[in-house]
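Presented below is the structure to which this report refers.
Protein chains in written order, with my numbering: chain A, 50 to 454; chain B, 50 to 454.
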């Protein structure tokens, strides 16, 4: 299907931002868009009906985690991931390569594949690129990801180079197996496959990865191994390299970025897709996205605050509940508090993406981005921001473990 | 307000069931009804909008827990408990007497009042009947409960007798203080106050408690200290005694009962109000109420079950999600699983109460109850029922602690 699945509809004149449409077996989706993380076929505290209510167009689930429980055979039998979770939008699956940093799951890897421990029965599970493709097809997602080897920013250049090489090798095997498995499917039933580029923040390695992956000709391409603690400048530099090598007519997906300003910055460099635990995890920890920038709801000053989370928001949370009520529930670790804060943050980000698409179409995206940056900078000056920071090496595994939950 | 707040509209000819209307400062509520437990101003995983959607007419919150955090001053300042949680139904508050069985909170008691430990700041808190009335008025609930001393079924008769005596003493003090605090309020702003009878399952003590409380002339009366492990026959016997002594025109509230058949049985003896963690706690543990009796959703046989929880239910959960999906989420302890199962169980019980009122009005309540009993008995024959069982003394505290969460 390579080549025809993505149509660019509008190109911004002042930035590299664009509005496009990706055609999947489940329908079309307008870019740029953000995907909440539905690891186990649900976003924490948010049902698919909630996602429909906020007009969320896509979610991303985790191939490896779903393979361990309930198993792809179950989801296939129940009609595929979209039907299983009763979600009308586009279902994307990540390969599970990221779980190589989960102390709870990862055992080891070689050129052939990755060993994981299934925490539910303690059995060893060997995941190869081929196996990963089979699982994702059984899950029935609309867009699949290659199995990659993701190095961390703090890995040595040599380690990152090896990861790039293995990622290319596996990408080739993924593509061959994916084509093979799909051979007999009618064109309108075919799953799309994205390649993932690696290379950390080393320009030469990132270039090498992009060039090698370009040759394989995927339906779309992900920028991998970023949003993990590097500076925003380092991140954007890598995106620029990626975009300069991967053809313009391929959708570009920046994996793991969910900070509103980071997203708008990446959109201005031509990124089309985003996913992250950032808005949901921040919500649970009390950082709320609002039209006035970030709000730390757990601060004492909101104890008696009868305003909604965001006075300019029309989500059900803002129409019905006060900061005081949500603050109390978050402080008490009550489920309803998590639910209300999470719904609002996702609603905010979904509307922000809708707005971004509108501004690109109108040719006013750059002004929009600048205006929002001012607001966020002003709020950030008074509010501690939960941006992922560089993590000390000793805390890395714990940090990544936490990112999974 | 005693005497005029409750009007009986229909009386069943074959049982003591009745349909009535309680008039509160927030509006009228038809009896019999069931109240989900919203300890900290939210039902676990269920927002007030969810409660409106299922037409839930009332919830019960916990005076002591709310006193510890966020404090009644906050809720008062935010417009009272109903406004704070944005709930359109009737707000009932329990006094917190039950928390005398919480190892985490209870320190000791004497005739004057009860010492609790505030787990949030480790300070000692002394709750007297007078203080409890002040807190409940500040919370602004529509119906308040007296501070009582609740003995457990397994306490010695002497201990239960002392509890009855103290309960009467405190009931008098509650009534005096409540009247005093409300003196200057206009009639349509007045909070109602229920007395609570104790006496375990000893007929003579239960009679003594009912007679003494009757003299104080409360707006309504609760049957306390039951639904804690006694048999259903013992429970109904105590209700009969309570009803034979307390005037007919007083609403009767059986505290802590939430098992559907137990509720219908109690309705047939003239009980008007119910509350319990039973439907919500059972939901989280995988026991689902359905029109075919109880369903153990975590059983292996439902792994691939694409039916809704209840094929005869029209709640949003049953219209949108399969048993397979909910089972997987409950097994994974995922919030969405808890939410979906909880919503359905509460919806079921709310509809059951609606149905009970209809059947009483039609004069067909007894047949309805018998029919449902057959269905439940049939299901119970194959399904382990999570009915509260007699708890061994050593496990009592742990059990009660669990009941609080």
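Virtual Cβ for every residue (Gly too), placed ideally from N, Cα, C.
When the distance is taken between beta carbons, is residue j closer than 8 Å to residue i?
i                     : j                     : result
residue 354 (chain B) : residue 367 (chain B) : no
residue 272 (chain B) : residue 191 (chain B) : no
residue 229 (chain B) : residue 242 (chain B) : no
residue 478 (chain B) : residue 98 (chain B)  : Residue 478 (chain B) lies beyond the stretch modelled for chain B, which goes from 50 to 454, so this question has no answer here.
residue 249 (chain B) : residue 200 (chain B) : yes
residue 144 (chain B) : residue 194 (chain B) : yes
residue 335 (chain A) : residue 425 (chain A) : no
residue 110 (chain B) : residue 88 (chain B)  : yes
residue 380 (chain A) : residue 347 (chain A) : yes
residue 66 (chain B)  : residue 323 (chain B) : no
residue 389 (chain A) : residue 151 (chain B) : no
residue 173 (chain B) : residue 196 (chain B) : no
residue 58 (chain A)  : residue 68 (chain A)  : yes
residue 181 (chain B) : residue 90 (chain B)  : no
residue 422 (chain A) : residue 310 (chain A) : yes
residue 188 (chain A) : residue 124 (chain A) : yes
residue 147 (chain B) : residue 108 (chain B) : no
I need the boundaries of the beta strand (DSSP E) containing residue i, first residue and last residue.
i                     : result
residue 59 (chain A)  : 55 to 60
residue 78 (chain A)  : 76 to 80
residue 276 (chain B) : Counting along the chain, residue 276 (chain B) falls outside any beta strand (DSSP E), and DSSP gives it neither H nor E.
residue 67 (chain A)  : 67 to 73
residue 245 (chain B) : 241 to 246
residue 194 (chain A) : 192 to 194
Whose Cβ in chain B lies nearer than 8 Å to the Cβ of residue i?
i                     : result
residue 377 (chain A) : 89, 90, 118, 119, 123
Does residue i pass the burial test, meaning 16 or more other C-beta atoms within 10 Å, or should it be called exposed?
i                     : result
residue 293 (chain A) : exposed
residue 131 (chain B) : buried
residue 223 (chain B) : buried
residue 267 (chain A) : buried
residue 253 (chain B) : exposed
residue 233 (chain A) : exposed
residue 205 (chain A) : exposed
residue 349 (chain B) : exposed
residue 393 (chain B) : buried
residue 282 (chain A) : exposed
residue 319 (chain A) : buried
residue 53 (chain B)  : exposed
residue 175 (chain B) : exposed
residue 433 (chain B) : The pLDDT assigned to residue 433 (chain B) is 48, lower than 50, so where the model puts this residue is not dependable, and the model offers no usable value.
residue 128 (chain B) : exposed
residue 153 (chain B) : exposed
residue 264 (chain B) : exposed
residue 63 (chain B)  : exposed
residue 78 (chain B)  : buried
residue 412 (chain B) : exposed
In chain A, what lies closer than 8 Å to residue i by C-beta?
i                     : result
residue 388 (chain B) : 94, 96, 384, 388
residue 127 (chain B) : 353, 355, 371, 373, 374
Would you mind reading off the limits of the alpha helix (DSSP H) that contains residue i?
i                     : result
residue 178 (chain A) : 178 to 188
residue 254 (chain B) : 252 to 265
residue 209 (chain B) : 206 to 231
residue 399 (chain A) : 384 to 411
residue 165 (chain B) : It is not in any alpha helix (DSSP H) - residue 165 (chain B) instead sits in the beta strand (DSSP E) that spans 163 to 166.
residue 375 (chain B) : 372 to 380
residue 368 (chain A) : 365 to 369
Going along chain A, which residues have a C-beta under 9 Å from residue i?
i                     : result
residue 170 (chain B) : Residues of chain A passing the Cβ test: none, with the nearest at roughly 13 Å.
Quick one: which chain B residues come within Cβ less than 7 Å of residue i?
i                     : result
residue 370 (chain A) : 135
residue 102 (chain A) : Result: empty, since nearest Cβ-Cβ is about 11 Å, beyond 7 Å.
residue 381 (chain A) : 89, 118
Residues of chain B with a CB under 9 Å from the CB of residue i: which are they?
i                     : result
residue 352 (chain A) : 119, 123
For residue i, go through chain A and note every residue whose CB falls closer than 7 Å to its CB, in chain order.
i                     : result
residue 365 (chain B) : 98
Does the ligand ZN have even one heavy atom less than 7 Å from the beta-carbon of residue i?
i                     : result
residue 145 (chain A) : As presented, the structure is devoid of all ligands, the ligand ZN included, so that no description of it is given.
Exercise. For the stretch 289 to 362 of chain A, which segments carrying the beta strand (DSSP E) assignment without a break, of at least 3 residues, lie completely within its bounds, in sequence order?
Worked result: 301 to 303, 322 to 325, 336 to 339, 342 to 345
Exercise. Taking only runs of the beta strand (DSSP E) that begin and end inside the stretch 87 to 156 of chain A, which ones reach a length of at least 3 residues, in chain order?
Worked result: 107 to 111, 139 to 143
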